Amino acid sequence: MEPIRTIRSKTVVLPFDDIDTDQIIPARFLTTTTKDGLGQHLFSNWRYADDGTPRPDFALNRPEAKGATILVAGRNFGCGSSREHAPWALVDYGFRAVISSEFADIFRNNALKNGLVPVTVDDETHRWLLEHEGAEVTVDLESTTVELPTGRRVQFPIERFSRYCLMNGLDQLGFLLEQEDAIAEYERRHVA
Amino acid sequence: MPLERDMQPRSLFEKVWDAHVVRPETDDTPAVLYIDLHLVHEVTSPQAFDMLRARGLRVRRPDLTLATMDHSTPTVPIKSLKDIEVVSEPAAAKQIRQLEANCKEFGIELRGFFSGQRGVVHVIGPELGATQPGKTIVCGDSHTSTHGAFGALAFGIGTTEVGHVLATQCLLQRKPKTLAIELAGRPGPGVTAKDLILRIIGTIGVAGGTGHVIEYRGEAISALSMEQRMTVCNMSIEAGARAGMIAPDDVTYEYMAGRPLAPKGKDWDAALERWRKLPSDPGARFDREVRIDVSRLAPMVTFGTNPGMVVEIDQPVPESGDIAFKKALDYMRVEAGKPLLGTPVDVVFIGSCTNGRLGDIRDAARILKGRKVADNVRLLVVPGSDQTKREAEAEGLDEIIRAAGGEWREPGCSMCIGMNGDIVPPGKLAVSTSNRNFEGRQGPGARTILASPITAAAAAVKGVVADPRELLG
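If you read the sequences in order, they're chains A and B. Using numbering that gives the first Met the number 0, read the first sequence as starting at 0 and increasing by one per residue. Using numbering that gives the first Met the number 0, read the second sequence as starting at 0 and increasing by one per residue.
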C-alpha cells in the first residue's frame with residue numbers, strides 16, 4: 000500500500016444521513032471474487048438511470064466533481080453490512096478520504112485497512128462542509144487535522160495503530176503474524 | 000491475593016473479552032483477541048484466501064473454521080452441482096465453486112450442497128452446536144451478532160480481517176463500550192421478538208449502538224426462546240452495534256444439549272460450570288443504560304429506508320422536515336400522517352438469518368393454515384437451513400404453506416439480499432421478515448417493509464398490510 004500523509008482535494012458532497020453499504024455498492028455486484036473494478040458500480044443505484052446512462056443530477060456525475068478525492072457525506076456513513084467491497088469501490092473510484100460526523104464501526108475498520116481515511120468532524124465543521132461543495136480541503140494524517148479554505152483547522156480522531164500503518168504503507172497482518180509466540184502460548188493455556 | 004480486576008463486578012461482555020485477550024491493548028496498538036469460531040461463506044472470503052496464497056500462509060486453525068454457502072446460492076432445487084451453472088449467474092456459480100476449492104485447498108470442512116447441513120451461516124452455527132456461550136465468534140457478515148443470543152461475543156468483520164483470522168486465529172480490536180438495554184414488561188399476543196428489536200432500533204436509532212456492545216436484559220428477554228433471542232441479537236447491527244449479547248440460562252443449555260458440536264458427557268458438565276459464571280455480576284457497570292417498557296407494544300412495521308424508521312402497525316407514519324426522511328418516504332411512496340394498514344402488498348418474504356428458523360415458519364403457518372394467499376401477492380417461505388427444512392417438513396408446515404398458495408424454497412439468504420436470483424421487482428412492495436429495508440436491498444427499486452413472520456403472513460393472506468392479531472385464533 001502507498002503511504003498516505005496528506006490528502007488535498009476539492010470535495011464532492013452527498014448530504015444524506017445513514018448512507019448504507021447497499022447504496023455504496025449494491026449486493027448484486029458482490030458476486031465478484033476479486034477487488035478490482037468495483038469503482039464503476041459505486042453508488043450504482045443513484046448514479047445510473049434504469050437504462051444504464053449516468054444521471055446528470057447525481058453529485059458524482061457533475062463535471063465539477065471530476066478528480067475529487069474527498070467525499071463529504073451525512074452522518075452515520077457506511078451503516079449496514081460488513082462488505083469490504085464498500086471501501087474497495089470508493090478507493091477504486093478514486094476517493095482517498097470520507098468526511099462525516101459519524102461512521103459505522105465496520106465500515107470505518109474496513110476503510111482504514113484499504114487506504115481510505117475516515118475523517119470524523121464536529122457538527123459545525125460538518126455543516127460547513129455539507130454547505131460548501133467543491134471546497135478545497137486538506138486532510139493531514141501527521142497532525143490529524145482537516146483544514147478548510149477559511150483557514151479553520153480541526154482535529155480528527157483516528158486509531159493510532161491504523162494511522163501508523165496508513166502513514167507507512169503497512170498492512171496490519173504483519174503485526175499479527177509477529178504475535179505467533181503469544182498466540183501459541185494462549186492456545187496452550189485455553190484451547191482444548 | 001486476587002487481582003483488583005477480579006474483585007470488581009464484570010459484565011457478560013467483559014468476562015468474554017477478558018478471557019480472549021492474547022495481548023492487551025496499549026495506546027499504540029489494539030488488543031490481540033483470540034477467536035474461537037470463524038464462520039466463512041462464499042461472498043466475503045475469496046479475496047482473503049487469495050491473500051493467503053499470495054503470502055504463502057496456511058489457515059492456522061481449520062478445526063475452528065466452519066464454512067457454508069448461503070448468500071449467492073439459488074433457492075430452487077438442484078440435483079447436482081452442475082445445475083448451479085444453469086440456475087445461477089456465472090459469477091455467482093464461480094463464487095460457489097471457489098469456496099469449495101478454497102476449503103479443499105486449506106483443509107476446511109465445508110457444509111456444502113448435499114451435506115444435509117448447509118444453510119444460512121447464522122442458522123447452522125447454532126443448529127450444529129458450534130455456537131456456544133462465552134465464545135468469540137466472527138464472520139465476514141454483519142449479522143454475526145446473531146450468535147450473541149448464547150452469551151457469545153460475536154461480530155461481523157471485513158474481508159481483510161477474515162484473512163487475519165484465517166492466518167492467525169486472532170483479530171486486532173479496540174475494546175468497545177457497553178450498552179445495557181432492559182426491556183420491562185411482557186408484550187401481549189401477536190407481538191414477537193422481531194417487534195421487540197424493531198422497537199429498540201426505533202428508540203435508540205440506527206447509530207444508537209455505534210461503538211458499543213449491547214446486553215439485552217429484562218423480563219421480556221428472559222421469556223424468549225433461543226430462536227427468538229437470535230432474532231433480537233441478529234438486528235443489533237441495525238442499531239449500529241456490532242454485537243448484542245444475552246446472558247445464557249437454562250433455556251440456552253436446553254437448546255444446546257445433544258447438538259452435534261456441543262460438548263458431551265464430562266465436557267458438558269465442565270462447560271456448564273463455566274457458562275453459569277458468564278452472566279453479568281450484580282452491580283456490573285455499563286457505559287450506557289436504556290430501559291424500554293414493552294408491555295403495551297403492538298406489532299411493528301418499518302415505513303422508510305432504514306430499520307429505525309418504524310411504527311406500531313396501527314399508528315400513523317410520523318412527519319419530519321429532514322431531507323433524508325422525505326427522500327425515504329418518496330422512495331417508499333408512503334404518506335406521512337397515515338398508518339400503513341391497508342397498503343397493497345406485492346411480495347411477502349419469510350426467511351433470512353433474522354426469521355428463517357423453525358419457530359418463525361411455525362408462526363407463519365399458524366396464520367396461513369386453512370387460508371389462501373391473496374391473488375395479488377407472491378409468497379416465498381425460505382427455511383434457514385437444510386435441517387430447518389427437514390424439521391418443518393416433518394411437521395407438515397411445507398404442506399400448509401403450499402396449500403395456501405405459497406412457495407416453499409430451498410435454504411439460503413434468498414430475497415434478504417437479492418444476489419441469488421430471488422429479488423423483488425422494481426417498484427414493487429414487499430413485506431419481509433429480513434433485516435434491512437435499505438433502498439434497493441431486495442432488488443433495484445424494490446420497496447421493503449420489515450415485519451415479523453406473523454405480520455408478514457397476515458399481509459400475504461389479506462393482500463395488504465394487516466394487523467396479525469386479527470387473524471390469531
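Where is the CB? At the ideal position from N, CA and C, for every residue including glycine. Small disclaimer: the values here were computed from a predicted structure and weren't measured.
{"Item": "Whole-Å CB distance - residue 243 (chain B) paired with residue 218 (chain B), under 8 Å assumed", "Value": "That pair is no contact at about 17 Å."}
{"Item": "Residues that residue 117 (chain A) contacts on chain B, provided the C-beta gap is smaller than 8 Å", "Value": "Here the premise fails: no neighbours, minimum Cβ distance about 13 Å."}
{"Item": "Same chain, Cβ closer than 8 Å to residue 1 (chain B), five either side skipped, listed in chain order", "Value": "Any reading at residue 1 (chain B) must be qualified, since the residue scores a pLDDT of 48, below 50, and its modelled position is unreliable; the value itself is stated next. None."}
{"Item": "Enclosing alpha helix (DSSP H) for residue 476 (chain B) [first to last residue]", "Value": "Nothing can be reported for residue 476 (chain B): it is not among the residues displayed for chain B, which extend from 0 to 472."}
{"Item": "Proximity test, Cβ basis, 7 Å: residue 100 (chain A) and chain B", "Value": "no"}
{"Item": "Which of helix, strand or coil DSSP assigns to residue 230 (chain B)", "Value": "helix"}
{"Item": "Chain A contact for residue 46 (chain B) (CB, 7 Å cutoff)", "Value": "yes"}
{"Item": "Residue-level contact to chain A via CB, residue 146 (chain B), 7 Å cutoff", "Value": "no"}
{"Item": "is_contact[residue 98 (chain B), chain A] using C-beta, thresh 7 Å", "Value": "no"}
{"Item": "Residue 265 (chain B) classed as buried or exposed, judged by whether at least 16 other C-beta atoms fall within 10 angstroms", "Value": "exposed"}
{"Item": "Any C-beta of chain A under 7 Å from that of residue 412 (chain B)", "Value": "no"}
{"Item": "Inter-residue spacing [alpha-carbon to alpha-carbon] between residue 109 (chain A) and residue 161 (chain A)", "Value": "11 Å"}
{"Item": "Where the alpha helix (DSSP H) through residue 163 (chain A) begins and ends", "Value": "159 to 167"}
{"Item": "Option in B:326, B:30 and B:270 with minimal Cα separation from residue 308 (chain B)", "Value": "B:326"}
{"Item": "Buried versus exposed, by CB contacts within 10 Å (16 or more), residue 7 (chain B)", "Value": "exposed"}
{"Item": "Residue 188 (chain A) versus residue 150 (chain A): straight-line alpha-carbon distance, rounded", "Value": "55 Å"}
{"Item": "Cutoff 6 Å; reference residue 86 (chain A); Cβ partners in own chain excluding five residues on either side", "Value": "109, 110, 113 and 115"}
{"Item": "Option in A:129, A:91, A:79 and A:133 with minimal Cα separation from residue 107 (chain A)", "Value": "A:79"}
{"Item": "Residue 139 (chain A) - DSSP class collapsed to helix/strand/coil", "Value": "strand"}
{"Item": "7 Å Cβ cutoff met for residue 474 (chain B) and residue 346 (chain B)", "Value": "Absent from the model: residue 474 (chain B). The displayed extent of chain B is 0 to 472, so no value can be given."}
{"Item": "CB of residue 298 (chain B) within 7 Å of CB of residue 172 (chain B), strictly", "Value": "no"}
{"Item": "Residue of B:120, B:457 and B:104 minimising C-alpha distance to residue 411 (chain B)", "Value": "B:120"}
{"Item": "Same chain, Cβ closer than 6 Å to residue 84 (chain A), five either side skipped, listed in chain order", "Value": "24, 29 and 37"}
{"Item": "Presumed contact (8 Å Cβ cut-off) between residue 67 (chain B) and residue 40 (chain B), rounded CB distance", "Value": "6 Å"}
{"Item": "Those residues which DSSP pairs with residue 343 (chain B) across a bridge", "Value": "B:463"}
{"Item": "Three-state secondary structure assigned by DSSP to residue 301 (chain B)", "Value": "strand"}
{"Item": "Residue 45 (chain B) beta carbon less than 7 Å from that of residue 106 (chain B)", "Value": "no"}
{"Item": "Segment contact flag, the region 38 to 52 of chain A with the region 65 to 78 of chain A, C-beta cutoff 8 Å, min 3 pairs", "Value": "no"}
{"Item": "C-alpha distance - residue 58 (chain B) paired with residue 47 (chain B), whole-angstrom precision", "Value": "11 Å"}
{"Item": "Own chain residues within Cβ distance below 6 Å of residue 7 (chain A), not counting five before or after", "Value": "137"}
{"Item": "Bounding residues of the beta strand (DSSP E) (the contiguous stretch that carries residue 135 (chain B))", "Value": "135 to 138"}
{"Item": "Where the alpha helix (DSSP H) containing residue 52 (chain B) begins and where it ends", "Value": "45 to 54"}
{"Item": "Collapsed DSSP secondary structure at residue 290 (chain B) in the structure displayed", "Value": "strand"}
{"Item": "Whole-Å CB distance - residue 450 (chain B) paired with residue 300 (chain B), under 8 Å assumed", "Value": "5 Å"}
{"Item": "Backbone CA spacing between residue 179 (chain B) and residue 123 (chain B) [nearest angstrom]", "Value": "28 Å"}
{"Item": "Length of the line joining the Cα atoms of residue 105 (chain A) and residue 81 (chain A)", "Value": "6 Å"}
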